[in-house]
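A.B. asks: Add 5 to the 1-based position in the sequence shown for the working numbering, that's all there is to it. No residue lacks a Cβ here, since even glycine has one placed at the ideal position from N, Cα and C. Since the structure is predicted, the reported quantities are computational estimates derived from the model, not experimental observations.
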Amino acid sequence: MFGRLGDTCSLWYWTFFHNHFATSSYIADTLFEPLFWLLEAIAKKAGPIFVTLVTLLTTSVVVIFYSYILPWNAAYWSTPALTINLIIGHWLLLNIVFHYYMAVTTSPGVPPSNVDSPVSICKSCIVPKPPRTHHCSVCKKCVLKMDHHCPWINNCVGHYNHRYFYLFCVYMSSGTIFVCISIYNQFMSYFYGSVGTFFSSLIFPIVSIFIAAYKPPEYFGSTDSSNMPIILTTEELRTRFWVTYEFFLCIAVTFALGTLTVWHGMLISKAETSIEKHINVKEKERMSELGATFKNPYSFGFFENWKIFLGIEVGSGRSIRHVLLPSAHKPTGDGKSWRMSTRKTD
Ligand SMILES: [Zn+2]
Ligand SMILES: [Zn+2]
């Protein structure tokens with residue numbers, strides 16, 4: 006650790022005082038190097054904590070659903086509505102658990118030492134890099150079709166686990182939307198007649214959890230014509246606390262993960278990884294300056310890109326069933342050589 010710090014200080018010294026060619030961007034890059042190094046170290050250390058957090062929060066949502074939401078829905082909903090609700094809920098849960106487990110435990114794929122047609126050599130691993138392979142500075146290895154390093158799965162997202170990662174995002178955000186819809190009536194009933202509590206809870210969710218649970222019963226207002234305060238038992242207060250927690254946790258995840266899911270969906274539609282998105286934007290600008298049009302060589306059009314990504318293209322023997330239900334099929338191709346729709350030209 007101190008050796009690396011010493012190297013950085015020495016690099017700074019030579020860069021700033023003995024380098025006649027130092028430009029402002031070069032100096033900025035050198036100054037920021039320790040920051041990137043710190044972020045990498047945090048990402049590596051935080052990985053197991055993040056995985057534990059995802060597991061605990063997901064478990065809490067499921068336990069609360071069974072303990073406090075299901076009994077309420079069973080009392081107020083019709084049998085067909087409750088049955089459909091339970092089928093959808095368990096189907097989503099099955100897919101969330103399966104895809105998360107697979108995203109965490111499946112290696113994204115590392116290039117072998119002998120690659121037929123390498124495009125470059127990794128300066129860190131000193132191995133030939135196939136097309137679309139990038140070096141992950143957190144995992145300290147090269148990753149086939151690397152998308153990004155994700156601390157939430159404590160793994161890199163690459164060729165072999167990209168589908169698991171993306172379907173986990175899809176099923177998890179669908180799951181949180183499902184929970185929000187399932188508990189909406191119950192959640193709103195607790196705030197009926199108390200607009201102040203409702204808006205304060207929108208502004209400051211964490212505080213509102215405690216307000217909703219621990220304020221005296223009168224705080225909740227009354228729907229009774231006699232306008233008498235509702236007397237809540239400890240059990241009712243506990244239910245309100247956990248339902249409020251469940252609703253705000255799920256709505257926060259819906260927005261945060263939902264945005265990420267839409268973004269990754271747009272990239273998959275264009276057969277681009279997160280890294281390639283940045284490369285291709287620059288490439289597009291460079292090509293337009295030359296009066297040429299850039300076309301992503303790995304894109305075969307919207308529908309075909311999705312079929313290839315999901316491994317359900319014609320001739321694969323798989324169908325939408327392999328997307329709607331857990332499936333451990335391998336992605337198309339070996340991640341080392343890629344079929345191209347166009348040839349790269351200078
Ligand atoms: Zn490498
Ligand atoms: Zn990584």
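#1: Taking only the alpha-carbon atoms, compute the straight-line gap between SER279 and LEU98 and give it to the nearest angstrom.
#2: Leaving out five residues before and five after THR350 in sequence, what residues of the same chain have Cβ atoms less than 7 Å from its Cβ?
#3: By alpha-carbon positions, which one of VAL175, VAL286, PHE70 ends up nearest to HIS269?
#4: If you reduce the DSSP assignment to three classes, tell me which class SER145 lands in.
#5: Within 7 Å: the Cβ of HIS283 and any heavy atom of ligand 2?
#6: Which residues have a Cβ closer than 5 Å to any heavy atom of ligand 1, listed in chain order?
#7: From PHE314 to ASP339, what distance separates their C-alpha atoms?
#8: Taking just the CA atoms, how far does GLY306 sit from LEU40?
#9: Taking only runs of the alpha helix (DSSP H) that begin and end inside the segment 44–100, which ones reach a length of at least 4 residues, in chain order?
#10: In its own chain, which residues sit with a C-beta less than 7 Å from the C-beta of LYS49, not counting the 5 before and 5 after it?
#11: Between CYS255 and ligand 2, is the CB less than 7 Å from at least one heavy atom?
#12: CA-CA distance, ASN159 and GLU240?
#13: Are the beta-carbon atoms belonging to CYS147 and PRO113 less than 8 Å from one another?
#14: Could you tell me if the beta carbon of HIS167 falls within a distance shorter than 7 Å of some heavy atom in ligand 2?
#15: Below 8 Å on the Cβ atoms is my contact criterion, and I expect SER274 with TRP311 to pass it. Report the Cβ-Cβ distance as a whole number of Å.
#16: With a 10 Å radius around its C-beta and 16 neighbouring C-beta atoms as the bar for buried, classify ALA80 as buried or exposed.
#17: Please name the residue in TRP343, TYR169, CYS185, LYS341 whose C-alpha comes closest to that of TYR105.
#18: Leaving out five residues on either side along the sequence, give the residues of the same chain with a beta carbon under 7 Å from the beta carbon of VAL120.
#19: Decide if GLY180 is buried, meaning its Cβ has at least 16 other Cβ atoms within 10 Å, or exposed.
#20: Quick check: what's the CA-CA separation for PRO336 versus THR347?
#21: Under a Cβ-count criterion, where at least 16 other Cβ atoms within 10 Å of its own Cβ denotes burial, should ALA108 be classed as buried or exposed?
#22: Looking at C-alpha atoms only, which residue of PRO53, HIS167, ARG137, ALA46 is the closest neighbour of TRP343?
#23: Could you tell me whether any non-hydrogen atom of ligand 2 is closer than 7 Å to the CB of HIS154?
#24: Leaving out five residues before and five after HIS140 in sequence, what residues of the same chain have Cβ atoms less than 7 Å from its Cβ?
#25: In this structure, what does DSSP give as the bridge partners for LYS312?
#26: Between TRP157, CYS155, ASN166, ILE256, which has its C-alpha nearest LEU149's C-alpha?
#27: Using C-beta distances below 6 Å, list every residue in its chain close to CYS155, excluding the 5 sequence neighbours before and after it, in chain order.
#28: Measuring only between beta-carbons, confirm whether ASN119 sits less than 8 Å from chain D.
#29: Should PHE70 and VAL184 be called a contact, given that it needs their Cβ atoms to be closer than 8 Å?
#30: Should ALA276 and ASN301 be called a contact, given that it needs their Cβ atoms to be closer than 8 Å?
#31: State the beta-bridge partners of PRO133 as determined by DSSP.
#32: Mapping DSSP to helix, strand and coil, what is HIS334?
#33: Can you round the beta-carbon distance between ILE182 and THR63 to whole angstroms, since I take them to be within the 8 Å contact cut?
#34: Determine the DSSP secondary structure at VAL162, reduced to helix, strand or coil.
#35: Any idea which residues DSSP pairs CYS155 with across the strands?
#36: Tell me the DSSP secondary structure of THR347 in three-state form.
C.D. replies: Walking through what the data contain:
#1: 27 Å
#2: With a pLDDT of 48 at THR350, under the threshold of 50, the modelled position of this residue cannot be trusted, and the question is left open.
#3: VAL175
#4: Before going further, note that residue 145 is Lys rather than Ser in the sequence given. If DSSP states are grouped into helix, strand and coil, LYS145 belongs with coil.
#5: no
#6: Proximity annotation: ligand 1 has residues CYS127, SER129, CYS130, HIS140, CYS147 in chain order, each selected because its CB is closer than 5 Å to a heavy atom of the ligand.
#7: Taking the straight line joining both Cα atoms gives about 13 Å.
#8: Between the alpha carbons of LEU40 and GLY306 lies a gap of roughly 39 Å.
#9: 75–81
#10: VAL143
#11: no
#12: 38 Å
#13: no
#14: No.
#15: 7 Å
#16: exposed
#17: Of TRP343, TYR169, CYS185, LYS341, the smallest CA-CA separation from TYR105 is found for TYR169.
#18: PRO133, PRO135, LYS341
#19: buried
#20: The alpha-carbon of PRO336 is positioned some 21 Å away from that of THR347.
#21: buried
#22: ARG137
#23: yes
#24: CYS127, SER129, CYS130, CYS147
#25: The partner list for LYS312 (beta bridge, DSSP) is empty, contrary to what the question assumes.
#26: ASN166
#27: VAL162
#28: The structure shown contains no chain D; it holds only a single protein chain.
#29: yes
#30: yes
#31: ILE126
#32: coil
#33: Rounded, the Cβ-Cβ distance is 15 Å, inconsistent with contact.
#34: strand
#35: ASN160
#36: coil
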